[in-house]
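Notes follow once the structure below has been shown.
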Amino acid sequence: MMAKQEEEEEEGSSPNEAIFFVLAYLPVFELLSMARVCTSLRDAVKNDRLAWLRMVVDRPLNRRVSDDRLVEVASMAEGRLQALVLINCLNITDDGLFTLIHHNPLITKLHIPGCTSLSAGGVVRAVQLLTKDNHRLRSLKISGIYGVRREDLQTLRGLVEHNVTRQERGKMLYHHHNKIESDDDPCIDVDICPKCNDVRMVFDCPRHLCECRGCDSCIVRCIECGVCIKVIDQEAEAAACADALCLTCWLKLPKCNFCNKPYCSLHANHQYILLDSPGFICATCHSKFN
Ligand SMILES: [Zn+2]
Ligand SMILES: [Zn+2]
Ligand SMILES: [Zn+2]
Ligand SMILES: [Zn+2]
Ligand SMILES: [Zn+2]
82 MMAKQEEEEE EGSSPNEAIF FVLAYLPVFE LLSMARVCTS LRDAVKNDRL AWLRMVVDRP
142 LNRRVSDDRL VEVASMAEGR LQALVLINCL NITDDGLFTL IHHNPLITKL HIPGCTSLSA
202 GGVVRAVQLL TKDNHRLRSL KISGIYGVRR EDLQTLRGLV EHNVTRQERG KMLYHHHNKI
262 ESDDDPCIDV DICPKCNDVR MVFDCPRHLC ECRGCDSCIV RCIECGVCIK VIDQEAEAAA
322 CADALCLTCW LKLPKCNFCN KPYCSLHANH QYILLDSPGF ICATCHSKFN
């Protein structure tokens with residue numbers, strides 16, 4: 082049994098036991114934001130060592146959270162944070178990030194993609210702090226941050242790759258499963274695109290022997306399988322969402338009963354399911370006929 086001693090002693094006395102048990106499975110930031118007024122829950126979260134190893138801010142809080150709020154919540158980590166994941170947190174600035182990192186120097190994973198208020202200089206400063214002395218940043222995701230130049234990327238590489246024992250870079254494959262973190266991910270998510278020379282996420286092709294390596298503004302790829310779609314001799318198949326699909330994936334996916342267009346797996350939740358017949362209607366057809 083993994084139950085803590087005091088929980089065993091007080092068994093049955095606390096109405097919140099079930100909530101405390103669930104703590105480990107909930108993202109700390111969301112939980113605290115929901116529980117601002119409940120001091121016992123707040124204390125439970127604060128004292129839960131494991132909960133603080135990782136802080137994730139994703140939808141829907143990411144569009145609202147400010148520097149002050151982020152720093153306030155993170156202060157409860159008391160320096161324990163090992164992973165900081167901020168997805169599209171539009172209001173977080175260099176100052177907020179730096180304050181947070183200053184108090185949590187043991188972060189090994191810094192994922193801040195799409196945090197568009199951060200600057201390249203701010204990212205470099207943060208990474209310098211997380212790699213100096215015995216600090217061990219190993220994984221950095223910064224796609225979608227504006228103004229990262231080739232020189233900045235070189236600086237970042239020098240700092241981060243120094244900490245990575247296995248130097249081999251994982252391959253970045255383009256499909257929605259990318260959103261799930263994998264241990265094979267490269268230590269920095271952006272690279273120099275060999276086609277346009279910009280610092281972007283650069284993808285390899287899963288097609289055997291294809292050398293179409295490039296960023297997604299240079300190469301159109303099937304959202305499902307990541308193969309390149311050569312716009313000249315092979316049109317992308319029409320999908321109900323804005324994503325491109327290759328013919329093989331298009332054939333496999335279920336289609337709208339009216340327009341015969343499929344959703345990619347990522348957008349399958351936009352389907353309107355019919356009660357009286359099999360299949361679904363896409364959002365466009367649904368709004369046309371209602
Ligand atoms: Zn490119
Ligand atoms: Zn495909
Ligand atoms: Zn290719
Ligand atoms: Zn349709
Ligand atoms: Zn889609």
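For the sequence shown, the residue numbers in this note's numbering are 82 to 371.
Glycine residues also receive a C-beta, built at the ideal position from the N, C-alpha and C atoms.
Beta carbon of residue i nearer than 8 Å to that of residue j
i: Gln209; j: Lys190; result: no
i: Asn172; j: Ser198; result: yes
i: Leu218; j: Val204; result: no
i: Ala364; j: Lys342; result: no
i: Ser298; j: Asp270; result: no
i: Cys327; j: Cys296; result: no
i: Gly177; j: Asp148; result: yes
i: Arg281; j: Cys274; result: yes
i: Ala317; j: Ala325; result: yes
i: Leu221; j: Leu237; result: yes
i: Leu211; j: Ile188; result: yes
i: Val308; j: Arg294; result: no
i: Gly160; j: Asn143; result: no
i: Phe179; j: Ala201; result: no
i: Cys286; j: Glu305; result: no
Residue i CB to nearest heavy atom of ligand 1 below 7 Å
i: Asp324; result: no
Bridge partner(s) assigned by DSSP for residue i
i: Ala164; result: Arg135, Lys190
i: Ile182; result: Answer is none; Ile182 lacks a bridge partner.
i: Val283; result: Cys296
i: Asp272; result: Arg281
i: Ile354; result: Phe361
i: Cys337; result: Phe361
i: Lys222; result: His192
i: Glu343; result: At residue 343 the sequence reads Pro, which differs from the Glu that was named. In the DSSP output, where bridge partners are listed per residue, Pro343 has Lys336.
i: Cys303; result: For Cys303, which the question treats as bridged, DSSP gives no partner whatsoever.
i: Glu318; result: Leu326
i: Cys309; result: Arg302
Closer than 7 Å: residue i CB and nearest ligand 3 heavy atom
i: Val308; result: yes
i: Arg288; result: yes
i: Cys291; result: yes
Proximity test, residue i beta-carbon vs ligand 4 heavy atom, cut-off 7 Å
i: Thr365; result: yes
i: Cys170; result: no
i: Ile188; result: no
i: Cys337; result: yes
i: Ile362; result: yes
Residue i beta carbon near ligand 5 (any heavy atom closer than 7 Å)
i: Cys340; result: no
i: Tyr353; result: no
i: Leu347; result: yes
i: Ala320; result: yes
i: Tyr344; result: yes
Counting by C-beta, which residues lie closer than 5 Å to a heavy atom of ligand 2, in chain order? Cys303, Glu305, Cys306, Cys327, Cys330
Quiz: which residues have CB nearer than 7 Å to ligand 1 non-hydrogen atoms: Cys274, Lys276, Cys277, Asp279, Arg281, Gly295, Cys296, Ser298, Cys299
Are there three or more Cβ pairs, one per stretch, closer than 8 Å when the region 119-127 is compared with the region 148-155? no
Give a yes or no on contact between the region 353-363 and the region 329-338, applying the rule of three or more CB pairs nearer than 8 Å. yes
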